[in-house]
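When you read off a place in the sequence shown, starting at 1, and then add 8, the result is the number in our numbering. Backbone N, C-alpha and C define an ideal beta-carbon position, used for all residues, glycine too.
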Amino acid sequence: MYFKNRIMLHRYNIEEWAEKYYNRQLTQEEKAEIDTLLEADVVLRKEWDEAMEVLAALAHASDAEHIRQALRSARQPEKAPGRLIAFIRNNWKTSAIAASFALAAISTVQYMNSSKEMGNSKSKFTQLSREVENIKNSQNSIIKTIEDKTLTPKAPEPQYDLGGTGFALTNDGYIATNYHVVTGTSDISIITQDNHTYNAVMVGYDAVLDLAILKITDKDFKFGKSPVPYNLKYQPSQVLGLKVFSVGYPQDNLVYNEGYISCERGYQGDSLSYQLEIVANPGQSGSPVIDKQGNVLGLINGKKSNTSGTTYAVRSKALLDLIGRLPDHIRITPPRSNAIARLERTEQVSQLKNYIVTIKTVK
9 MYFKNRIMLH RYNIEEWAEK YYNRQLTQEE KAEIDTLLEA DVVLRKEWDE AMEVLAALAH
69 ASDAEHIRQA LRSARQPEKA PGRLIAFIRN NWKTSAIAAS FALAAISTVQ YMNSSKEMGN
129 SKSKFTQLSR EVENIKNSQN SIIKTIEDKT LTPKAPEPQY DLGGTGFALT NDGYIATNYH
189 VVTGTSDISI ITQDNHTYNA VMVGYDAVLD LAILKITDKD FKFGKSPVPY NLKYQPSQVL
249 GLKVFSVGYP QDNLVYNEGY ISCERGYQGD SLSYQLEIVA NPGQSGSPVI DKQGNVLGLI
309 NGKKSNTSGT TYAVRSKALL DLIGRLPDHI RITPPRSNAI ARLERTEQVS QLKNYIVTIK
369 TVK
């Protein structure tokens, strides 16, 4: 792929380009070129992900603007642009760490205040990935080994850090989930309904919209004998009050929940998200939101803290747009047919469960 104005992206200007990318100030061509550059350079990709994570953290913090202004003031050049480049090169990670500590402090204060004045606390956005209980699982494994009096040592099971949910985009192993579930990880594992584990890689993402597309690396993998049984609904005409359901993995077993779309816009008025009234717990990030006809309208990515059911979901429109921006060598034909539209709900879920997966990652 060739571009008229090639972007010079390197570690000295990565913060500048990351901020433009995050704030949607780039053209589609510029975004595509950056994605291509990052795909070809693992080291640059890691620094890019760190920059995007800091920007995302700042955007969601209550005092984000004050912190951002403080960081900008701290890295102002004295005279020449060269000094700014050197400062960013030497202090971007330091600034990121400082921001992380500041945000952690803010979160601690907010938690203490909410404990004292629960009625006056303002609800925040909470992502719904979950920590995997490695210690408990390891202890159970040791106990079982002792009870069975097994003397032959077994290979240790992977020690996962985070978990989430994903759903199939194609029958051959492309999967949609949230970016925050898989960002910064060294290993991504997909666990299917029949409890088989497969390795996966991230082939596309949009950190701003919190979307990621994964691919199972097994070339012979298939979710089932037939195509994906649902489709992605680009832009429903009427959604307010629409009844929906979701299936995901807040635990090791698939969980079903029902609710409705309570607002056509998501957190802080985001036009590419919905607000739902539906139960969602850690581990359900990436769970599909489905209407009664079996159309996937979006995927859950967070909820309001201190509430029981106010949940947010990224629209399928945003996911379809991301698929359309993928490099040419990644060919995904989104599901268009719908084999579950006329089925009873129990039959719909029965067919869906084979295409919903657990995602577990190692940091």
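Q. Roughly how many angstroms lie between the CA atoms of S316 and Q283, to the nearest whole one?
A. 13 Å
Q. Given that a residue counts as buried once 16 or more other Cβ atoms are within 10 Å of its Cβ, and exposed if not, what is V255?
A. buried
Q) Can the beta-carbon of T200 be found closer than 8 Å to that of S293? A) no
**Q.** Residue of L177, D226, L52, N314 minimising C-alpha distance to N289
**A.** N314
Q | Alpha-carbon spacing of V51 relative to V247, whole angstroms | A | 43 Å
Q) If you draw a straight line from the alpha carbon of W25 to that of N31, how long is it in whole angstroms? A) 10 Å
Q) Is the beta carbon of N309 less than 8 Å from the beta carbon of A326? A) no
Q: Put I367 into one of helix, strand or coil per three-state DSSP.
A: strand
Q: State buried or exposed for P335, treating a residue as buried only when at least 16 other CB atoms are found within 10 Å of its CB.
A: exposed
Q | Alpha-carbon to alpha-carbon, D49 and H18 | A | 10 Å
**Q.** DSSP bridge partner residues for D329 (one or two, in chain order)
**A.** In DSSP, D329 forms no bridge with anything.
Q: Output yes or no for whether 8 Å exceeds the beta carbon distance between E61 and G192.
A: yes
Q | Pick from T44, Y29, E47, Q36 that is closest to A438, judged by C-alpha positions | A | Look at the range of the chain in this structure, 9 to 371, and you will see that residue 438 is not part of it.
Q.
So if DSSP puts A208 in a beta bridge, which residue, or which two residues, is it bridged to?
A. I196, I224
Q. In terms of residues, what are the limits of the alpha helix (DSSP H) holding E272?
A. Premise fails: E272 is in no alpha helix (DSSP H) and is neither H nor E.
Q) Does the Cβ-Cβ distance between A170 and T369 come in under 8 Å? A) Looking at the sequence provided, one finds Leu at residue 170 rather than Ala. Yes, the Cβ-Cβ distance between L170 and T369 is below 8 Å.
Q. Among the residues of its own chain, which have a CB less than 8 Å from the CB of I331, if the five just before and after it don't count?
A. L177, G212, I221, I340, P342
Q) Would you call the region 348-367 and the region 251-266 in contact, with 3 or more CB pairs under 8 Å? A) yes
Q) Whose C-alpha, out of E47, V216, D57, is nearest the C-alpha of L34? A) V216
Q.
Is any non-hydrogen atom of the ligand NAD found closer than 7 Å to the C-beta of E41, if you look at the structure I gave you?
A. The ligand NAD is not among the ligands present in this structure, which contains no ligands whatsoever.
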